[in-house]
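Chemist: Chains as they are written, first to last, in this note's numbering: chain A, 1 to 109; chain B, 1001 to 1113.
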Amino acid sequence: GESVGLHLPTLSVQEGDNSIINCAYSNSASDYFIWYKQESGKGPQFIIDIRSNMDKRQGQRVTVLLNKTVKHLSLQIAATQPGDSAVYFCAVNDYKLSFGAGTTVTVRA
Amino acid sequence: NAGVTQTPKFQVLKTGQSMTLQCAQDMNHEYMSWYRQDPGMGLRLIHYSVGAGITDQGEVPNGYNVSRSTTEDFPLRLLSAAPSQTSVYFCASSYSSNSKKLFFGSGTQLSVL
């Protein structure tokens, strides 16, 4: 089955800087990838997704990059704001959806 | 629209007690599921349903039961609570079983003493 890992469990970012959160997956047959944001005491909230036929997808202040060669996924947040403080985790789909453990992002004022 | 609604938000049980975690969605989603979230681990699937009257086991189903009598509701029952079931539980739904874009409830924090 799929295993999903994150490179860093925590990330501290200065307000206004860009954040990069990474995720690695194991199954080269994975075809769909999602990033979720989870604020304290709340459920995960969909941020952005990407299919395996794409390398990059942009949303509002967020960009997801997919490198299928090394089985790596990243989420970039531009001009990080205090409201971006949360746990971010990726989900990877092969025949089922597998979730990473999450990176806790803390934004410093 | 309320989305996915879970109750209660917090619950404390004694070992051996039973209880039901409620989940309701108003998006007419076919697919509903239950996950547990433990520190340092990714969400793990307990049970899921692809439509009313159809349920199946996920990766950690032991000690839990589900039923799906209506499209809207998907309750999770703990038969005899154990300390290992202390966790945060999330209900999630999606348009269909082919859609992996899940919408989550706000969670139930359960402690079993």
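Ideal placement from N, C-alpha and C gives every residue a C-beta, glycine not left out.
With 16 other CB atoms within 10 Å as the buried threshold, where does residue 1036 of chain B fall?
Modeler: By the neighbour-count rule (16 or more Cβ atoms within 10 Å), residue 1036 of chain B is buried.
Chemist: If I measure Cβ to Cβ from residue 44 of chain A and keep anything under 6 angstroms in the same chain, skipping five residues before and after, which residues do I get?
Modeler: Counting only Cβ-Cβ distances below 6 angstroms, and skipping sequence neighbours, we find 36 and 38.
Chemist: Report yes or no: do the region 1097-1104 of chain B and the region 1074-1081 of chain B share at least 3 C-beta pairs separated by less than 8 angstroms?
Modeler: At 8 angstroms Cβ cutoff, the stretches do not touch.
Chemist: If we cut at 8 angstroms on Cβ distances, does residue 32 of chain A have a partner in chain B?
Modeler: At least one chain B Cβ lies under 8 angstroms of residue 32 of chain A.
Chemist: Can you give me the C-alpha to C-alpha distance between residue 24 of chain A and residue 73 of chain A, rounded to a whole angstrom?
Modeler: Their Cα atoms are separated by approximately 6 angstroms.
Chemist: Using CA coordinates, which residue listed in A:40, A:34, A:102 and A:20 is at the minimum distance from residue 54 of chain A?
Modeler: When each option's Cα is compared against that of residue 54 of chain A, the closest is A:34.
Chemist: To the nearest angstrom, report how far apart residue 91 of chain A and residue 64 of chain A are at their CA atoms.
Modeler: Cα-Cα distance, rounded: 13 angstroms.
Chemist: Kindly provide the ranges of any alpha helix (DSSP H) runs that are 4 or more residues long and lie completely inside the region 1061-1104 of chain B, ordered along the chain.
Modeler: Runs found: none.
Chemist: Determine the direct distance from the alpha carbon of residue 28 of chain A to that of residue 69 of chain A, and round the result to whole angstroms.
Modeler: Straight-line Cα distance between these residues: approximately 8 angstroms.
Chemist: Residue 977 of chain B touches chain A at which residues, Cβ-Cβ below 7 angstroms?
Modeler: Past the boundaries of the shown model lies residue 977 of chain B; chain B is included only from 1001 to 1113, so the question cannot be answered.
Chemist: Contact between the region 7-15 of chain A and the region 101-108 of chain A: three or more CB pairs below 8 angstroms?
Modeler: Because the criterion of three Cβ pairs below 8 angstroms is met, the region 7-15 of chain A and the region 101-108 of chain A touch.
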